[in-house]
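Numbering (this note's numbering), first residue to last: -14 to 405. Here a beta-carbon is modelled for each residue, glycine too, at the ideal position from N, C-alpha and C. In this text the structure is predicted, and so the values were computed from the model without any measurement.
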């Protein structure tokens, strides 16, 4: 049933709360439908290829190295007492997202400001908010935060355009996208003038020149799509790894082996992809605690969901990912966290149609490989550099929803440096 909704663009399109159009911009590409949406996505596909993802790795490792030191300092300042780390995970995910999306065009202070204020954007997008911007309400604060992020990213776009035009090497998503715009423009100009295109690489998808604001809007949607979901996954990942030291030890062993015993060695894409057990842990985590539980769609025309029921135009249809990911016919003991089902088991094949963590159909998540590899990198590096302990409370296994799902007690942890 969920797959049918995801795969029925003729009948439905994703919908969000009314205020989203005001926060993200009514002309944002995420609100496109049909052919316009398909064409826009084609121009973004190249930003998430394997080759592109490898370019982003050094920036991501840089962020994790810095924030893992901060984790140690947070525990030290708390006198060794547990600290709820949910908000800290949101900050590190914001930082790694910003480095991936806009590289070093953005300052550390701006990243910290975005991380602090992004909470306001998430709160503004809750279902039970005013659909209009009224001063000092959640939507008002969210709009101010969104405008700040958009302005910051627009400045980054201008810097990236200048650097790419001067022949710089791309090291973030914004660079890669702008470089494709430059290549497209050169190709078009050569053809219009009847000049030889020898030596020019024809872009896979011809792009027009986007304005700084349009680039900013698009990159902001990447942050919008990744921030809450990856923050949720990271929070649960650290809690569950602390609860299962046997699993964490196997992650450590694999990561140490891949790095040839050097805990500070950076990894390339081949090494990251070779971490099959760590990846199985991430895949199982996303099945066991799927960040996005449901995706609202609006019906564009009468939608025959079953032979017995047709959803009327204008109604909402909300497929959930949770039921498919807990299907006992596919996942033995579905309420247990068991990475073996993706390491030595048959869950990858048997549950291919059930794994709706990133959706399916024309609106599937563009960054699904990036998100998973990012989590593999994060927990792999943490396993080598840190020891951490989860301090359970009666609410540790209870779930709260703040756009995505988090432990009700915000995951109290303590960290210490790992000695080898």
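- Excluding its 5 nearest sequence neighbours in each direction, residue 386 has C-beta neighbours in its own chain below 8 Å: 278, listed in chain order.
- Per DSSP, the continuous alpha helix (DSSP H) segment holding residue 146 begins and ends at 123 to 150.
- The beta carbons of residue 22 and residue 347 sit closer together than 8 Å.
- A distance below 6 Å between beta-carbons, with the five flanking residues on each side excluded, links residue 131 to the following residues of its chain, in chain order: 8 and 106.
- The shortest CA-to-CA distance from residue 335 to any of 353, 319 and 315 is the one to 315.
- Taken in chain order, the unbroken stretches of alpha helix (DSSP H) that lie wholly in the region 44 to 128 and span 4 residues or more are 71 to 87 and 93 to 109.
- Closest option to residue 340, judged by alpha-carbon separation, among 179, 275, 234 and 249: 275.
- Counting other Cβ atoms within 10 Å of its Cβ, residue 321 stays below 16 and is therefore classed as exposed.
- For residue 36, the closest of 254, 178 and 337 by C-alpha to C-alpha distance is 254.
- The beta carbon of residue 103 is closer than 8 Å to those of 75, 79, 130, 134, 208 and 212 in its chain, skipping five residues each way along the sequence.
- Under the three-pair Cβ rule at 8 Å, the region 63 to 71 does not count as touching the region 84 to 91.
- With contact defined as three or more Cβ pairs closer than 8 Å, the region 220 to 229 and the region 375 to 385 are in contact.
- Here the C-alpha atom of residue 141 lies approximately 42 Å from the C-alpha atom of residue 311.
- Pairing residue 287 with residue 298 gives a Cβ-Cβ distance under 8 Å.
- According to the DSSP assignment, residue 230 belongs to the alpha helix (DSSP H) that extends over 230 to 243.
- A distance of 8 Å or more separates the beta carbons of residue 202 and residue 352.
- Taking residue 337 as reference, the option from 291, 389, 294 and 268 with the minimal CA-CA separation is 268.
- A direct Cα-Cα distance of roughly 25 Å separates residue 404 from residue 264.
- Sixteen is the threshold: when 16 or more other Cβ atoms of the shown chains lie within 10 Å of the Cβ of residue 220, as they do, the residue is buried.
- Residue 163 sits buried, since 16 or more C-beta atoms from the chains shown fall within 10 Å of its C-beta.
- Taking each of 173, 326 and 344 in turn and checking the Cα distance to residue 191, the smallest one comes out for 173.
- Around the CB of residue 261, fewer than 16 other CB atoms lie within 10 Å, so the residue is classed as exposed.
- A residue is called buried when at least 16 other Cβ atoms come within 10 angstroms of its Cβ; residue 200 meets this threshold and is buried.
- Looking from the CA of residue 151, the closest CA among 167, 159, 136 and 158 belongs to 167.
- Note: residue 279 is bridge-paired with 305 in the DSSP secondary-structure output.
- Counting the other CB atoms within 10 Å of its CB gives residue 327 a total of 16 or more, which places it among the buried residues.
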